[in-house]
Structures are given as structure tokens and as C-alpha cells.
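Worksheet: the structure to be examined is printed underneath.
Numbering (the numbering used here), first residue to last: 2 to 1065.
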């Protein structure tokens, strides 16, 4: 087939300029979209005609012999009516001037965020065409078989040295060097000798068409008659060209005005021999690359470094040749064969650096110089874009008026190629006009739709690439494919673009032009060193196969939000890592005496040596507390989670020096929270960057690797329980200890410290204080990058055990580390690359640690994709042998954190499956913003959907979920994460705060069918009454004495009055 986004133009470079596509039906019932050096596009149907007509073997024309009108995209251009599903009203078309680029730029700058970037669960129109493609030179091989002549690519690939200006061998950004492959495309995937192997691959995919290129040099070895019988027989079985080297040698290739006529003769041969089987023909594939890099820069075959003038001349002849072939088919073959003819054009996408008129014009110019160079003459008026004519002057050839009329309208549909190599890597930097490249296929489709009068569009080549070392699990390839197909669906459903077919590139691995064998783009893996060249399906085969079966991404029940409410007593909270501590005394605490200088300075003057009597400090003296409490009250939260600062409370790490002022501040803060019915959730320790938030004396001598830190933590905890326990009933021993920064010894001691503190509270404080205590772990979900891959699933399971199970399994499981960890460390230590020792617990220590919890508290922020195949060295963890993968269809925050709500539900289910029906609190969940209201919309979406997934876990999965906390309270203590912004010493609520408050007030997402939940009113606790609750007998005795005293006084008074009256 044709060289897809990164190969087109190469096999087509003067040699494969012709792509014919055929709908030949094989014995397996597969409809083959055969392309020759040029891809063959699908027929254009009227917008009102169902696309399914194409599958009945008839072109959607008014009559069997009707020819489409030129200049109308096949003669069926009608006013755009949207997608027919009622969704067209989501967006408005932007008014624009043709050729200005304003419409696309302004439209996509105004789309609603983040709604427009969400994954669209929907299907493609009925009859949508799904296919795969390949190019002759890339996969065919057999370069000396069957009488084939040399093509310009054969000659180019056999050159001894890399041509000047060509990209050096080896993949750009690849994880490692690919194994050596055959020279050029001499053998490649050997499709010439494995036709039925390829057909079986197509049958497995379930595609409706197959696009491949005919080898001009195989059909006409000398470039002209006579034809090669063996070549005709080969393609008659099912295949499709590169420019014969003979024509390059004899005439100078496409630089010669003779080529258009010779190309017409070649096309006539193809039409006569294969036209009965071919439904869609593509005359050429990516003429931009052929002209510019084949004859201008010389980077690609035939390697002529003729400069811009020769490049523009070659393009001139390519357009003339295409027009000749279209007219040939239209005048002599269309009535009988009823096919469609177009040209495959490749393009990049570019966006303005700034939304200024000049930048937008530069973007338009960039597209004009690449895509418009060929599209405007064919689809608009037969002439080059005005931006090219005004900039290039005499360099650009001119068409006569007759030639303009002859070229205009010579396409029955718009055939588009979009991918890495041809659309971007072969785009010269000056063609970007100092603007920004983008891989937005959707915006390109919209631009084509509005620039070229709403043509029917067939995507004849699209995909990305993976490293040449990647074998089966091609996750990166899958997610790029997912993105491009999703953007195509949005272009159809949201933007009203008429796309009627999609072709993935490519069916199988092959020779990737100037990248050689350093990258792979096939759905099927080919071992180029093997003799039989078997096709081994990659994970992308299953992905594409299921996508075709479903005709897109249909909505699934698990993707839909649910209605319902959380139980009574559900904890709705907010988090602040460390509360704002301001112990500055109020003026009423100052015992100094002042006089007012009313005559001169008008100020208060302190009188030295004179003091008033001191009074005891009260909590109301801390003004900072009142402000924070009032802000929390506005949220309607029931719980507030913060951490104490061990390093400030006990600066020396022991009780020899205590910061009583800070302790009093914490006491006051907790009591004020209780006064307004907000439960304090207090962590004893949370690691921070500086000294891990440990006292300096402990951090200095090994921190958690020193066993003395364990005992110091126990004594610190005892002090906190004693000082704050009357006010705090919800304790966290350690909040989010980072396993990324822990050694195995430090983690070992940390677990023992936690367990000892838990048992301390359980034995000495629980009965009197009646609180609960546990540890809070950071727990982001890890998902296999290839959902169909067992290897990727094993990697995901391994990471979950190292990230979460390391600390969770000893506490919530069997008292020891996960077996997966021990087995993995034993394996890697055995190859002498590492020497990591995971300590062992004694039996007593296991009993101490196991069960040291009252609940499972977890902090969850995002989801990570992991794979087993090394693709990107920068994101590869050699220790755990894991490749981090990015799903580019996911929403991302400004800091690039992925927004994946369903990851929370999967995590909660995983916790339940591993550790049973333990009470669970999502103790922190949040996303950063960009310090503006636009990005706070992302937080609104984030909170809404993460809480809804938590509700699913509670109602559908029966997870014992008892609380949810948003991170974070304000931007002052956690910049960019707060529900309150902090600007100019003022706190302002963000829209996300109001949204969270509404969810709290509703206790979830009640719907019309949700039964009413009647919860008893909670009464604010009285911390000051705790003294009396612990001394009930004393209180009863004092009450008795008081009552007896009152009765005695009453009787004394009563009888005294009677005696007085008696004496009177």
C-alpha cells in the first residue's frame, strides 16, 4: 500500500506516485482498498445518502453513468447540516475569511473547557469505513523477483553513504538501537511472497478496506510499455508503485514535462487491468514530499538537490499528471467502473504562538505552503495559494487559464494522510513560520472542511510509531491511535466534518523510509531477521479490532455517572498539610501600660517599668485561628485534616525542650474546630523536603534508618496524645510517607514506629479519649498500559505492591512484606546488578505490626499507565523494569497530572479485595490549577467525578467508604491546589469551593428516585466538659453537696422568718 504518514511520499516519490484502491472481495469476504503509488479514496456520497450504500457495491451517484461535477468535492457538496445527531448545537461556526485561518483559530480558542477535551463516548456513523494500509516498497520486498525494474527507492537505498541533509539512521527518541534489518526495502516484510499471510491479517482485523500501493517499476519495469506480465498477475491477485529508475535516468523524473503524459499511460494500464476490482483510486501519495524532498532538498529519492525552484517545478508537473489521470478516468472509465479518484495529501497542523492576527496569518501560510500548495489548485480554483504566489514570485511556475480550469475539481473526495514522519519530521523548520506544531487531527479536519468547501474526507493514512525494539505490547502506538480516532469522532460529531473512512498505518511492520528499521508502525510485528516473516499480532491489533466491532467508543454503564447519597455520618473533609500558625499575642495580653500623647504625636507611648496584672491567655487571643475557622465553616465540611510539626513541637527531638506556645495554639485550634462541629483529623508526622520534617537532631543521625528515631517518635506521640487527646479523636500516625524516598531499612523502622504508637494509644489512651488511629498512605492507581497484555498486568501488579503494598501489607495484611517484593528483589539481586536487602520482621514484630489500624486512610491524586516494553529511556525504571506510558486522550492539569476518576474506584475495589471490609477514608484527593478561573473548571470537574466514582465504589462495589477529603484548603499553604485563592493577603473562594459545598449539602448526588435519608442532628462536643466526664462520681458528690447546701439555706431562711414573725 502507500507509505503512510511516514512513508508516503517515499514509495511514491516519483516511483509510487500512484495509489489505486480496490474493493476486490477476497475469499474471506474482506473488501480490499488497494492503492497504487497513490492512495485510492472512497467514493463521495451525498450528505443525505447513508454511507452504507458504499458497501452494496455502488457509488452514490444519481445514475450508474453519472459523473460528479468538478470543483464540488465529487459533486455532492451541500450546506453543512451537522452530524445528524442533534449534537451539532454544542458549538457555533466561527465566521471567517477563506484563506485567513481565522475561523479555526478563533473557534478552538473558545471551546468550553474542560468539556471539549473530555473523552467522547460515542460511535461513528453507520457505514463508516475502517481499513488498514501498507506501501509496496515498505513491505513488498522481492526487488529482483518477477521481472521488476529498479525504482528510485531501490537506487536511493543502495547508495553507499547517507545523502547530504538526510536524517541519520536510528529512531528519534527511541529507547535503543533496533536490530539490523535488510538493506532498504529489498526484502522488508516480504509481502510479495506472502500475500495470503497479509490477507489473513486483514481478515483478523475485520477491516472494510485495504489500502496499498502498486509498484510502477513492477508493472512497467522501464517506466513505459511493454507491461510486465508477472507484475500484472501479482497485482491481479490483490496488490498495487515507485517511480521507475529508468524514467528518472531518461527524463529527469518529475522535473520533466514529459512525466505527466507517461504517468497517464501508466494509469491507463492500471485502470484497464484492475479497474473492475478497484473502487477508489489515489493518483499520488503526498506530492509535497515527492517534490520538495525528492527534487528540492534531496533528502528522499531520487535525491536531487535542485533547490526550491526545481522542487516547485516538480510539484507543477505532479499536479498536471494528477489532473490528466482524473480526466482519463472520468471520461473513459467512470461510466463502466463507477469508481472514485483523488490524490492523497499529507499535512501537519500548526497553531499560533499568540492569538494575534499576524500569528494566525503565519499559521495559514504554513498550511498553504504544505497542504494548500496542492489542495487549493484541485479543490478551489486551479491555482496556487495567494500567500505562495506573493512570497515566491518567479520561483513558482504559473498555470495558464486553461490549465487552471483543467486542474480545478479533479478530486472526488479529500484523501488525507496525517502522522509523525511525513506530517512533522519531514517538515522543514522554515515551513512553520515560527509558529507551534501540534498533533491536533481534529483541528486540521475542521480547517480542511472550512477551507475547501466541506468536502467528504477519507483519512487514508494515520498513526504514530514505536521503537524498533518494541515487539508485542505497543502501548504508545495504541494511545496515539486512540487520540487520532477520538479526534476524528469529535470532528464528525461536534464540528460537522464529513469524514467517512479511516485507514490505520500500517498493517504490518516494514521499512520506514529515512528512519529505516529503527521504528515500527505496524499492527502486526515482523521479525526482519527471520526467514518466514510471520505476522505476530501486537496489542494494537486487539485494540483496533474491538474498535471496529463497536464502530467507535460506545457509552458503557461504568462510564456513566450515578445518582445516590452517602451514609449518615459520612466524613466530608478538607486538607491543609500544615495549618497557618500565628502565635502573635493580641493587644489584650500585653501587660504594659501606655499613655496617649494627644498633643504631639497622637500615638500611644509605653510607660517604662509600669505593668498591669497579667491574665491567663485564652484561645480568642489568636486572631489567625478565628479567620481559618470562619473559612472552614463556609465550606460546610465536617472534618479538617492537618499535620503537626514534630520539629517545632520538640525541637531537640525529646521532652527536654517543648514549645508550649505552639502546643497551646494547636489545643486552641482543635477546640475551636469542635466548637463549630468540625472534627479535627490530626497527623503526628508528615514528611517534608527539609529534614523530612524531623527534629534536626534526629535527621542529622540517620533519620528513620536510625532505630532511636522509633523510640523518639513513640515519646513524641505520647506527649501529643496527652496534650491534645481531649480535643482530637481522629489520629494519623504518619501521613503519606513517600516510598519513593525511603530505603528498605527506613521503611522497616517506620512500620515499627507506627505499630508501637498505635498500641500505645490502644492501651493507654483509647479508653479515656475514645478516639481512633491509623496510618495514611499515598495510593495512586496503576493501570496496565495494554489492557490485553499479561506482561503489562504483571508489571502493574508489581508496582502496586511496591508503591502501596510495601507499607500496607504488614499492617493490613499478614504482618510481613508482600511476597511479590521479596521475589522480585531476590531475582534482581541474583544477576549482580543490584544489592537491595529487604529486612525481615521477627515473629513478635509481625504480631506487633499486623492489625495496627482502625481504618485504611489513603491519599489519591492520579492514575499511572505502565508497560513492560522499553520504549522511552527517560521514563523507564530499570530497577522495576517498567515503562511509564501516557494516555494522551486523558485530561491533564497544568502540572501534567492525569485526571482519571475511574482510577479511584479501581483503587478502592483493590483495597477491599486485598484487605477485606476495612473502613476506608480517602484522606486527600485534589488537582492543581493554573491560578485562574479557567483551570478551576478542571477542579470542578475533578471533584464532581472523583466523588461520583467514590459513590460507585460505595453503592455498587460495597466498599466500606466512610469519608472523602479534598486537597487542599487554600493556596497560601498549598499553592495552586486550594479551594481558596490567596492574593494580596486576602482569601477568596474559588468556584470549586461552592461546587464541593453543594455536594456536601446534598450528601452526594441525589436524584428523583433516590430515597430520602434522614440523619440525626449532630451535637457539638464540649471539650471543656471532658474533666467532668472522667470524674462522674466526684461530679455526683459535688452535686449532692450543692443541693444539700441549697436545701439547708432554704430551711434556715424559712424558719428564721417564722421566728421573727412569732416574736412580732
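By construction, the Cβ of each residue, glycine as well, lies at the ideal position given by its N, Cα and C atoms. Quick caveat, the model's predicted, so the values are computed rather than measured.
query: Alpha helix (DSSP H) runs contained entirely in the stretch 382-441, provided each spans 4 or more residues; result: 387-393 and 402-408
query: Through-space distance from residue 122 to residue 492, alpha-carbon basis; result: 14 Å
query: Sequence-distant residues of the same chain with beta carbon closer than 6 Å to residue 483, five excluded per side; result: 890
query: Residue 512 (DSSP reduced to helix, strand or coil); result: coil
query: Residue 520 and residue 466 closer than 9 Å at C-beta; result: yes
query: Spatial neighbours of residue 911 in its chain, beta-carbon cut-off 6 Å, leaving aside the 5 residues before and after; result: none
query: Coil, strand or helix - residue 988 by DSSP; result: strand
query: Between the CA atoms of residue 839 and residue 803 - distance to the nearest angstrom; result: 12 Å
query: Outcome for residue 254 when other beta-carbon atoms lying within 10 angstroms are tallied against a minimum of 16; result: buried
query: Closest by C-alpha distance to residue 756, when choosing among 806, 198 and 849; result: 849
query: Of the residues 127, 329 and 628, the one placed nearest residue 273, counting alpha carbons only; result: 329
query: Euclidean distance between Cα positions of residue 1108 and residue 395; result: Here the chain covers residues 2 to 1065 and nothing more, so residue 1108 does not appear.
query: Residue nearest to residue 506 in terms of C-alpha spacing, selected from 202, 1011, 906 and 212; result: 212
query: Rounded distance between the beta-carbons of residue 190 and residue 142, thought under 8 Å; result: 7 Å
query: Residue 411 versus 738, 375 and 119, residue with shortest Cα-Cα distance; result: 375
query: Beta strand (DSSP E) runs wholly inside the stretch 600-663, at least 3 long, in chain order; result: 605-612 and 640-644
query: Selection from 705, 668 and 759 that minimises the alpha carbon distance to residue 724; result: 668
query: Three or more C-beta pairs below 8 Å linking the stretch 647-658 and the stretch 620-636; result: no
query: Three-state secondary structure (DSSP) of residue 744; result: coil
query: Where residue 794 sits in the DSSP three-state scheme; result: helix
query: Proximity of residue 583 and residue 623 at Cβ, strictly below 9 Å; result: yes
query: C-alpha distance - residue 935 paired with residue 151, whole-angstrom precision; result: 59 Å
query: Same chain only: Cβ atoms within 6 Å of residue 59, ignoring 5 sequence neighbours per side; result: Because the pLDDT of residue 59 is 32, which lies under 50, any placement of that residue in the model is unreliable, and the number read from its coordinates should be weighed accordingly. The answer is none, since no qualifying residue turns up.
query: Cβ-Cβ distance between residue 728 and residue 842 below 9 Å; result: no
query: Short Cβ contact (9 Å threshold) for residue 966 with residue 566; result: no
query: Cβ neighbours of residue 960 in the same chain (closer than 8 Å, five flanking residues each side left out); result: 909, 910, 912, 913, 921 and 954
query: Per-residue DSSP class, three states only, for residue 341; result: strand
query: Option in 1044, 782, 672 and 962 with minimal Cα separation from residue 569; result: 962
query: Alpha carbon of residue 546 to alpha carbon of residue 205, nearest angstrom; result: 8 Å
query: DSSP beta-bridge partners of residue 923; result: 859 and 965
query: Alpha-carbon spacing of residue 740 relative to residue 780, whole angstroms; result: 10 Å
query: For residue 119, three-class secondary structure by DSSP; result: coil
query: Span of the alpha helix (DSSP H), counted from its first residue to its last, around residue 811; result: 807-813
query: Reference residue 219, options 202, 196, 245 and 197, closest by Cα; result: 245
query: Expected contact under 8 Å - CB spacing of residue 704 and residue 693 to nearest Å; result: 6 Å
query: Closest Cα partner of residue 990 within the set 1002, 973, 795 and 1003; result: 973
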